[in-house]
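*Asks:* Chains as they are written, first to last, in my numbering: chain A, 1 to 277; chain B, 1001 to 1370.
Quick one: structure below, then a few questions.
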Amino acid sequence: MLSQRQLALVLIAPGLFLVAALFLYPLVFSLISAFTRPDGSFTLEWFAKAYELYSGDIVFTIVIVLASCVLTAVAAIVIAGTLTLGENPWIVGTLKALYRWPLFIPFIVAAQCMRTFLAKNGLMNNTFVSLGLMEPLSAISFLDWRGIIATFVWKQTPFVALLLAGALASIDRATLEAGRNLGASRARVMLELALPQVMPTLLVALVLSFVTMLSVLSVPMMVAGSQPTMLTVDMAFRINAYGDYATANALGVITYLISAGAAIIYLKRGMNQEATS
Amino acid sequence: MQAGLQDNPRSGAAISVRGLHVAYGGTRVLHGVDLDFTPGSFTALLGSSGCGKTTLLRSLSGFVPVQSGSILVGGRDVASLPPEKRGMAMVFQSYALWPHMTVLQNIGYGLKLRGASSAEIATKVAAMLEFLGLPGYESRKVTALSGGQRQRVALGRALAIDPGILLLDEPLSNLDAKIRMTMRHEIRAIQQRLGLTAVHVTHDREEAMTMADRLVIMQAGRIAQVGTPEEVYDRPATAFVANFMGAENVLPVRVERSGQGASLHAGGASASLAASPSAAFPAGEAVAYFRDDVARLDAVDAPASGDLVVPGLIAARAYPGGVYRYRVEAAGREITVDDATRHELGTKVGLRIPVQRLHIFPATEAGIAA
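Shown next as structure tokens:
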């Protein structure tokens, strides 16, 4: 007869095996490969090569993702704030119905949409020209770093807004009314009274968005040109063009460290809050 | 007590509500309310759940849009203004303190909004905390305070902005009984000292009676009666008010007029209505309301001596302390009566009710309260 403990292990074994085979093994394998030569000896030369060739892209990636996070946060706060404190039922209703749509659109489709929207003769510029707001000759393409940020923000805002609006809906509404009663405008109530109460949720949503944006390949590949670009594109290029798994893995480790940095900042803040409360 | 707050009583503002209609979606909640609040008065809005008392308070504060009607504060109609422009301070049932701020930041927030400097805020908050009996609490987190302390901070936050009008939305409901008693007196004393116009929503009759100098009884979105606690308690205007104010015993009666006088008949007993405030009551079927402590148990054949002595049978007895509480079957109804003497179940008794303590209403109207 199996003991309870053994039975539990048997039950979780298939799941554990899948995680080990499909996640842990490739992760450990790529970690090892980033630090070893073909003969198995330890080396940092792949990191040196990655730094030499792609240091600009590392900075570019961090800047793009951070800027996208900041803009996503601003857009999500505006949307969630309007949903929570908005007084015009028509605006709130329309926003509620529309804002989640990008959640259901894959990054690659979003990237394709942005290509047709942000190109030099894309939908956006054509609209401006037809409205007489812009001369056709002065139209420029936004298919560069701006396009990547626009796509990321468009795609991630609903996710952050969804979590934020949920958190805002769960705080005591009287705390918001108390602010307005004392004379605060809706914007001040949102920024000074509501947002601090839901800050942990906003941070979780932003850390998750940060990691998601860091790992997207299709958007930088389709929306922007080749240089500078994001680390995911560089990794794909090392493998597809040169079969250079070692450097690609070194770039992977660097990406992992960047996302770990975001997680550490979040955890540290959480611990500080626990210590003070 | 802090000198600055004590020596400079502010004068409360007058509020005049005219033809106020409020609806949630398609449901009408207030049906044309007309009400005046004189400066420095303490008014309690009292009524059962869903009667519209909270809606009335929230429409005064601006959190509920008004469908039609006006709210005049100092002669200016504020009905269309947003809450932040009305100059009324509100204390909430849940305290509604901001958990991420200290006591100082909570009380000082209204002052910060008005552009006061940090030094001014610190001075005023220190004075307010002294006034509220919480000196030195500035740097405490509000989450570390007890319920009573939180409600004091919430009161301080409302008072810090020197409001002319103080709105109290069931501020004592979340406190335990002992603290509630203390806070009743404290709030009333502060309101009187500062001369504020206070509007207090509660479903607690005793709380309303002890705190307010005027009661507004609401029923189904309308005002049922306005008056001092004594007027509303002793001379209820409707069967609903009588019932709500604790006259829960209901006795079907018949009023007969003969010449100048009138007499009352119930369950085979009768009494003259000459000495009663209901003497002018028209003849016909009616319903009399009275409180448990008004009636006494007597011998079934005891002389009436001007009272109504209705024959009855003791159906149940309980001892809540001090007096016995009986359930007596009389005139086809079950009546609850408090009496000092012990009687056995099944005893035939005379239910002695002083006629002047009965609240008599037409039978048609009584159907509303039943």
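The beta-carbon is built from N, C-alpha and C at its ideal position, and this holds for glycine as well.
Note that the structure is a prediction, hence the values are computed from the model and not measured.
1. Quick one: is T175 of chain A near chain B, going by C-beta distance under 7 Å?
2. Ends of the beta strand (DSSP E) at F1037 of chain B?
3. I want to see whether chain B comes within less than 7 Å of G183 of chain A, judged by CB atoms only; does it?
4. Output needed for R1342 of chain B: all residues of its chain with C-beta closer than 7 Å, excluding positions within five of it in sequence on either side, in chain order.
5. Cα separation between I171 of chain A and A194 of chain A?
6. How would you list, in chain order, the residues of chain B whose beta-carbon sits under 9 Å from the beta-carbon of D39 of chain A?
7. Is M1245 of chain B buried or exposed, if buried means 16 or more other CB atoms sit within 10 Å of its CB?
8. Only counting runs of 4 or more residues, tell me where the alpha helix (DSSP H) segments fall wholly within the stretch 94 to 171 of chain A, in order along the chain.
9. Run through chain A and tell me which residues come within less than 7 Å of P1171 of chain B, C-beta to C-beta.
10. Does A1013 of chain B come out as helix, strand or coil in the three-state DSSP assignment?
11. Kindly list the residues whose CB is nearer than 6 Å to the CB of E1365 of chain B, restricted to its own chain and excluding five residues on each side of it in sequence; keep chain order.
12. Can you tell me the Cα-Cα spacing of G1069 of chain B and V1033 of chain B, whole angstroms?
13. Excluding the 5 residues preceding and the 5 following R1086 of chain B in the sequence, name in chain order all residues of the same chain whose CB lies nearer than 6 Å to its CB.
14. Would you call S209 of chain A buried or exposed, if buried means 16 or more other Cβ atoms sit within 10 Å of its Cβ?
15. Identify each residue in the stretch 1103 to 1132 of chain B for which the Cβ-Cβ distance to at least one residue of chain A is less than 8 Å, and report them in chain order.
16. Residues in the same chain with beta-carbon distance under 6 Å from A1247 of chain B, minus the five sequence neighbours each way, listed in chain order, please.
17. If you draw a straight line from the alpha carbon of V189 of chain A to that of E52 of chain A, how long is it in whole angstroms?
18. With DSSP as the reference, identify every bridge partner of V1323 of chain B, one or two as the case may be.
19. Considering only DSSP beta bridges, list what S1270 of chain B is partnered with.
20. With which residues is G1312 of chain B paired in a DSSP beta bridge?
21. Between the Cα of A34 of chain A and the Cα atoms of A:I149, A:T255, A:N249, which residue gives the shortest distance?
22. Between E1435 of chain B and chain A, is the shortest Cβ-Cβ distance under 7 Å, so that the two count as touching?
23. Is the Cβ of L195 of chain A closer than 7 Å to any Cβ of chain B?
24. Can you name the residues of chain A whose CB is closer than 9 Å to the CB of H1203 of chain B?
25. On the CB-based measure, 16 or more other CB atoms within 10 Å of its CB, does T247 of chain A come out buried or exposed?
26. Is it right to say P158 of chain A is buried, meaning 16 or more other beta carbons lie within 10 angstroms of its own, or is it exposed?
27. Under a three-way DSSP split, which group does G1004 of chain B fall into?
28. Could you check where the beta strand (DSSP E) with Y1289 of chain B kicks off and where it finishes?
29. Between A178 of chain A and chain B, is there a C-beta pair that is closer than 7 Å?
30. Identify every residue that forms a DSSP beta bridge with V1255 of chain B.
31. Have a look at I1071 of chain B and E177 of chain A and give me their C-alpha separation to the nearest angstrom.
32. Going by other Cβ atoms of all chains shown within 10 Å of its Cβ, with 16 needed for buried, is L1049 of chain B buried or exposed?
33. Would F1092 of chain B and D1204 of chain B qualify as a contact pair, given that the criterion is a beta-carbon distance under 7 Å?
34. Measuring only between beta-carbons, confirm whether F1063 of chain B sits less than 7 Å from chain A.
35. Does the beta-carbon of S68 of chain A have 16 or more other beta-carbons within 10 angstroms, so that it is buried, or is it exposed?
36. Can you find the residues in the same chain that come closer than 7 Å, C-beta to C-beta, to V1241 of chain B, ignoring five residues on each side of it along the sequence?
*Replies:* Let me lay it out:
1. Within the first sequence, the letter at position 175 stands for residue 175 of chain A. At least one chain B Cβ lies under 7 Å of T175 of chain A.
2. To locate residue 1037 of chain B, count along the second sequence from 1; it is residue 37. Looking at the DSSP string, the run of the beta strand (DSSP E) that includes F1037 of chain B is 1027 to 1037.
3. For this step, residue 183 of chain A is matched to residue 183 along the first sequence. Yes, G183 of chain A counts as interfacial toward chain B.
4. Position 342 of the second sequence, counting from 1, holds the residue named residue 1342 of chain B. Same-chain partners within the cutoff: Y1324.
5. Within the first sequence, numbered from 1, the residue matching residue 171 of chain A stands at position 171. Within the first sequence, numbered from 1, the residue matching residue 194 of chain A stands at position 194. Roughly 8 Å separates the two Cα atoms.
6. Stepping through the first sequence from its first residue, residue 39 of chain A is reached at position 39. Neighbours of D39 of chain A on chain B: none; closest Cβ ~57 Å, over 9 Å.
7. As a position in the second sequence, residue 1245 of chain B is number 245, starting the count at 1. Burial call: buried.
8. 107 to 118, 123 to 130, 145 to 170
9. Walking along the second sequence from the start, residue 1171 of chain B turns up at place 171. Correct list: empty, because the minimum Cβ distance to chain A is about 11 Å.
10. Residue mapping note: residue 1013 of chain B aligns to position 13 of the second sequence, counting from 1. Here A1013 of chain B sits in coil by DSSP.
11. To locate residue 1365 of chain B, count along the second sequence from 1; it is residue 365. Here the set comprises A1239.
12. Within the second sequence, numbered from 1, the residue matching residue 1069 of chain B stands at position 69. Within the second sequence, numbered from 1, the residue matching residue 1033 of chain B stands at position 33. Their Cα atoms are separated by approximately 8 Å.
13. Counted from its first residue, the second sequence places residue 1086 of chain B at position 86. If we look at R1086 of chain B and ignore the five residues flanking it on each side, its Cβ neighbours are G1062, V1078.
14. Position 209 of the first sequence, counting from 1, holds the residue named residue 209 of chain A. Buried, since its Cβ has 16 or more Cβ neighbours within 10 Å.
15. Y1109, G1110, L1113, R1114
16. Indexing the second sequence from 1 puts residue 1247 of chain B at position 247. Excluding positions up to five away in sequence, the list reads Y1289, F1290, R1291, H1359.
17. As a first step, residue 189 of chain A must be located in the first sequence, where it is residue number 189. As a first step, residue 52 of chain A must be located in the first sequence, where it is residue number 52. C-alpha separation (whole angstroms): 49 Å.
18. The residue given as residue 1323 of chain B occupies position 323 in the second sequence. Answer is B:G1321.
19. As a working mapping, residue 1270 of chain B is identified with position 270 in the second sequence. Beta-bridge pairing links S1270 of chain B to B:H1265.
20. Here residue 1312 of chain B refers to the residue found at position 312 when the second sequence is read from its first residue. Note: G1312 of chain B sits in a beta bridge opposite B:A1330, B:V1349.
21. Within the first sequence, residue 34 of chain A is the residue found at index 34, counting from 1. For A34 of chain A, the nearest C-alpha among the options comes from A:N249.
22. With chain B covering 1001 to 1370 only, the question about residue 1435 of chain B has no answer from this structure.
23. As a first step, residue 195 of chain A must be located in the first sequence, where it is residue number 195. No, L195 of chain A does not count as interfacial toward chain B.
24. Taking the first residue of the second sequence as position 1, residue 1203 of chain B is located at position 203. Neighbours of H1203 of chain B on chain A: none; closest Cβ ~18 Å, over 9 Å.
25. Taking the first sequence and counting its residues from 1, one reaches residue 247 of chain A at position 247. It counts as buried.
26. Along the first sequence, read from residue 1 onward, the residue named residue 158 of chain A stands at position 158. Classification of P158 of chain A: buried, given that the 10 Å Cβ count is 16 or more.
27. As a working mapping, residue 1004 of chain B is identified with position 4 in the second sequence. Per-residue confidence for G1004 of chain B stands at a pLDDT of 42, beneath the threshold of 50, marking its modelled position as unreliable; the derived number appears in the next sentence. Helix, per DSSP.
28. Start at 1 with the first residue of the second sequence, and residue 1289 of chain B comes out as number 289. That run of the beta strand (DSSP E) goes 1284 to 1290.
29. Along the first sequence, one-based indexing puts residue 178 of chain A at 178. It does: the Cβ of A178 of chain A has a partner Cβ on chain B nearer than 7 Å.
30. The count along the second sequence starts at 1 and reaches residue 1255 of chain B at position 255. Answer by DSSP bridge pairing, in chain order: B:L1264, B:G1284.
31. Residue 1071 of chain B sits at position 71 when you count from the first residue of the second sequence. Residue 177 of chain A sits at position 177 when you count from the first residue of the first sequence. Cα to Cα, I1071 of chain B sits roughly 19 Å from E177 of chain A.
32. Your numbering for residue 1049 of chain B matches position 49 in the second sequence. The residue you asked about is not Leu; residue 1049 of chain B is Ser in the sequence shown. S1049 of chain B comes out exposed.
33. Working through the second sequence from its first residue, we reach residue 1092 of chain B at position 92. Working through the second sequence from its first residue, we reach residue 1204 of chain B at position 204. The answer is no: Cβ separation not under 7 Å.
34. In the second sequence, the residue the question calls residue 1063 of chain B occupies position 63. Closer than 7 Å to some Cβ of chain A, the Cβ of F1063 of chain B qualifies, so yes.
35. Stepping through the first sequence from its first residue, residue 68 of chain A is reached at position 68. The residue in question, S68 of chain A, is buried, as its Cβ has 16 or more Cβ neighbours within 10 Å.
36. Counting from one through the second sequence, the residue named residue 1241 of chain B turns up at place 241. These residues qualify, in order along the chain: I1217, A1224, Q1225, V1232.
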